[in-house]
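The numbering used here puts the first residue of the sequence shown at 9, with every later residue one more than the last. The structure appears below as structure tokens.
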Amino acid sequence: MSEAPAAPRTASADGGTGPDLSLLLTPPRPRAGWRLLPARVVAMCAVELQKLSHDRTELYTRAVQPALWLLIFGQTFTRIKAIPTGGIPYIDYLAPGIIAQSAMFIAIFYGIQIIWERDAGILNKLLVTPTPRSALITGKAFAAGVKSLIQAVVVIVIAAILGVALTWNPLKLLGVAAIVILGSAFFSCLSMTIAGIVLSRDRLMGFGQAITMPLFFGSNALYPVAVMPGWLQAVSKVNPLSYEVDALRGLLLGTPAHLGADFAVLVVAAVLGVAAASSLLGRLAR
Numbered sequence: 009m010s011e012a013p014a015a016p017r018t019a020s021a022d023g024g025t026g027p028d029l030s031l032l033l034t035p036p037r038p039r040a041g042w043r044l045l046p047a048r049v050v051a052m053c054a055v056e057l058q059k060l061s062h063d064r065t066e067l068y069t070r071a072v073q074p075a076l077w078l079l080i081f082g083q084t085f086t087r088i089k090a091i092p093t094g095g096i097p098y099i100d101y102l103a104p105g106i107i108a109q110s111a112m113f114i115a116i117f118y119g120i121q122i123i124w125e126r127d128a129g130i131l132n133k134l135l136v137t138p139t140p141r142s143a144l145i146t147g148k149a150f151a152a153g154v155k156s157l158i159q160a161v162v163v164i165v166i167a168a169i170l171g172v173a174l175t176w177n178p179l180k181l182l183g184v185a186a187i188v189i190l191g192s193a194f195f196s197c198l199s200m201t202i203a204g205i206v207l208s209r210d211r212l213m214g215f216g217q218a219i220t221m222p223l224f225f226g227s228n229a230l231y232p233v234a235v236m237p238g239w240l241q242a243v244s245k246v247n248p249l250s251y252e253v254d255a256l257r258g259l260l261l262g263t264p265a266h267l268g269a270d271f272a273v274l275v276v277a278a279v280l281g282v283a284a285a286s287s288l289l290g291r292l293a294r
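Right, here's the structure in full:
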């Protein structure tokens with residue numbers, strides 16, 4: 009009889025020929041470098057915008073309110089001529105304010121989404137990834153800015169149909185896009201900061217509704233700062249929406265504006281908003 013075939017030799021678990029199981033015990037070290045943070049911000053922004061591609065109803069419904077402001081309020085006060093606008097029709101004066109208003113209304117309730125992600129368990133999964141919290145907040149903030157930018161395009165089209173004399177200079181329109189994104193980034197971070205404090209959708213809705221109208225009427229969106237009472241002028245000077253509207257008027261209508269100061273205020277406001285929301289993100293996830 010021939011001998012039985014020898015069993016194949018098994019590789020030792022301690023040997024070097026077997027599969028490397030170290031990755032199962034120790035996660036790989038995250039990549040480092042100056043490109044890491046921007047890449048993760050862009051990735052988070054893309055994830056947020058994918059949600060919009062599945063349901064565009066929000067874009068259509070949110071176009072109704074700015075259209076009514078321009079059609080009814082703008083055209084009525086253009087005929088009354090009760091508000092000094094520096095010689096331009098009131099509907100032209102109003103259009104940049106409505107662009108800023110509609111962008112703010114989109115961003116100011118953005119904290120509701122992050123509370124929903126907390127309730128669905130998504131936020132905890134995001135926080136255990138190597139992505140910095142500031143990148144998570146910044147990605148969401150700029151996603152809100154892109155949504156607001158789409159809304160701004162809708163308002164600009166409606167204003168152009170109504171005969172508003174807007175500029176079509178490509179460089180100025182790029183400046184308009186930057187201003188809208190920066191303003192929306194700040195207001196979305198403000199919303200997420202409030203969400204980190206109140207921890208509830210119902211409370212956030214209440215706070216959002218309580219601050220949107222004061223922010224809007226306490227700015228230069230509807231009337232010049234010069235016609236405001238003294239206390240309201242003080243409010244307007246610390247209201248980021250006033251700087252957004254001022255920049256939009258200067259870019260779209262060519263009116264006197266302080267573009268350097270407006271951009272600087274909105275950049276600083278957005279950075280402080282990201283820092284505040286990032287610091288409270290862990291509290292929201294508890």
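For every residue, glycine included, the Cβ atom is placed at its ideal position computed from N, Cα and C.
{"Query": "Cβ-based burial, W239 [other Cβ within 10 Å; buried from 16]", "Result": "exposed"}
{"Query": "Chain-order list of residues whose beta-carbon lies under 8 Å from that of S192 (same chain, five-residue window excluded)", "Result": "A111, M112, I114, A115, A149, A152, G153, K155, S156 and L157"}
{"Query": "Rounded Cβ spacing between A167 and A103 (contact assumed at less than 8 Å)", "Result": "4 Å"}
{"Query": "Proximity below 7 Å, CB of R141 to CB of L280", "Result": "no"}
{"Query": "CB of P74 within 7 Å of CB of I122, strictly", "Result": "no"}
{"Query": "Sequence ranges, alpha helix (DSSP H) only - wholly within the segment 187-267, length at least 4", "Result": "209-225, 238-245 and 248-261"}
{"Query": "Runs of beta strand (DSSP E) lying entirely within the segment 75-146, each at least 3 residues, in chain order", "Result": "none"}
{"Query": "L170 - DSSP class collapsed to helix/strand/coil", "Result": "coil"}
{"Query": "V151, DSSP secondary structure in three states", "Result": "Sequence check: residue 151 is Ala here, not Val. Of the three classes helix, strand and coil, the one that applies to A151 here is helix, per DSSP."}
{"Query": "Pairwise C-alpha distance: K245 and P222", "Result": "13 Å"}
{"Query": "Stretch pair the segment 181-200 + the segment 254-266: three plus CB contacts closer than 8 Å", "Result": "yes"}
{"Query": "The segment 130-138 contacting the segment 91-102, beta-carbon criterion three pairs below 8 Å", "Result": "no"}
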